[in-house]
Amino acid sequence: MNLVSHEYKDTEPVAVAELSIRLKGNTQVSNDQKASIKQYIAVLDSMSNAFDAATEKPTAKELLPDVRDFAKQARNVYQSLAKAFPK
Amino acid sequence: MAIDVNPTEDEMDELHDELKAFEAQLANYLSSEAGEKDPNYTSLTKMDIQLNLQIYNLSINQLQLAGENSGAAVDAINSAINNLKEVIAVKAKIATDLGVAQSAISFVTALLSGNPSSIVNAGGTFVSKLKAT
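Each protein sequence line maps, in turn, to chains A and B.
Okay, so the first sequence: first residue is 1054 according to the working numbering, each after it adds one.
Okay, so the second sequence: first residue is 50 according to the working numbering, each after it adds one.
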């Protein structure tokens, strides 16, 4: 029976390099997820502003900028979360 | 065999962008001097608020159409997208017309309902208003 010989000194750098690439990929995913969660937290503030505006600002004119800002941020966060946490 | 006629994510993004361009035109007008003097200023502002929230809701929900009119509903959506693209580029104040803004809201409301017949009707009305104004 022939024994399979493994030259670790030749193959190990390849394995380490692969591991490094995988770790780099994982770090990127993790960073994207962190960033999208931060955005999500920020949009909660924006939603809070829109709610405050709805209760404190009696006219549609005053309310509109807060609603626009909320809708824009919420959409961006939705896309960012969807990208960072694929189904 | 059931044929899937639901719009793709890219098509929904395109619809979102065109509706948002329509809404932005209205918002720009409302923040201008001419807009503030418009006799329909308050109504248009309320409609803009409604449009913002509805367009956002639409953008985060995948449209699921079911029933006999699904194909016609997709045609109505495509027709609305194409007309919006054309009209927004040519008519700078199309979105500031009360009737057009109202029909835009009805169209987005119909889209959110997911009811193909409502989409066909509201889409047809929206396109007619866009062309007539």
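Glycine is no exception: its CB is placed at the ideal position from the N, C-alpha and C atoms.
7 Å Cβ cutoff met for residue i and residue j
i: residue 156 of chain B; j: residue 171 of chain B; result: yes
i: residue 1114 of chain A; j: residue 94 of chain B; result: yes
i: residue 1127 of chain A; j: residue 1096 of chain A; result: yes
i: residue 114 of chain B; j: residue 160 of chain B; result: no
i: residue 130 of chain B; j: residue 67 of chain B; result: yes
Which of helix, strand or coil DSSP assigns to residue i
i: residue 145 of chain B; result: helix
i: residue 1118 of chain A; result: helix
i: residue 87 of chain B; result: coil
i: residue 1130 of chain A; result: helix
i: residue 51 of chain B; result: Residue confidence for residue 51 of chain B is low, a pLDDT of 47 falling below 50, so the modelled location carries little weight; the figure read from the coordinates is stated next. In this structure, residue 51 of chain B counts as coil in the three-state DSSP scheme.
i: residue 115 of chain B; result: coil
i: residue 1066 of chain A; result: helix
i: residue 1140 of chain A; result: coil
i: residue 167 of chain B; result: helix
i: residue 1087 of chain A; result: helix
i: residue 80 of chain B; result: coil
i: residue 1110 of chain A; result: coil
i: residue 140 of chain B; result: coil
i: residue 110 of chain B; result: coil
Proximal residues of chain B, C-beta to C-beta of residue i below 7 Å
i: residue 1093 of chain A; result: Within chain B, no residue comes near residue 1093 of chain A; the closest Cβ sits about 13 Å away, beyond 7 Å.
Residue i versus the options, residue with shortest Cα-Cα distance
i: residue 1132 of chain A; options: A:1082, A:1072, A:1108, A:1092; result: A:1092
i: residue 1122 of chain A; options: B:133, B:105, B:67; result: B:105
i: residue 1139 of chain A; options: A:1111, A:1077, A:1085, A:1068; result: A:1085
i: residue 147 of chain B; options: B:57, B:78, B:131, B:62; result: B:78
Integer Cβ distance of residue i from residue j, believed to fall under 8 Å
i: residue 54 of chain B; j: residue 123 of chain B; result: 5 Å
i: residue 178 of chain B; j: residue 149 of chain B; result: 5 Å
i: residue 99 of chain B; j: residue 154 of chain B; result: 6 Å
Neighbouring residues, chain B, relative to residue i (Cβ below 8 Å)
i: residue 1124 of chain A; result: 101, 102, 104, 105
Interface residues of chain A facing residue i [CB-CB closer than 8 Å]
i: residue 76 of chain B; result: 1117, 1121
i: residue 162 of chain B; result: What residue 162 of chain B touches in chain A: nothing, since even the nearest Cβ is about 20 Å away.
Residue i: contacting residues in chain B (beta-carbon distance under 9 Å)
i: residue 1075 of chain A; result: Result: empty, since nearest Cβ-Cβ is about 28 Å, beyond 9 Å.
Within chain A, partners of residue i - CB distance below 7 Å
i: residue 97 of chain B; result: 1117
i: residue 81 of chain B; result: Those do not exist, as residue 81 of chain B stays about 13 Å from chain A at its closest Cβ, beyond 7 Å.
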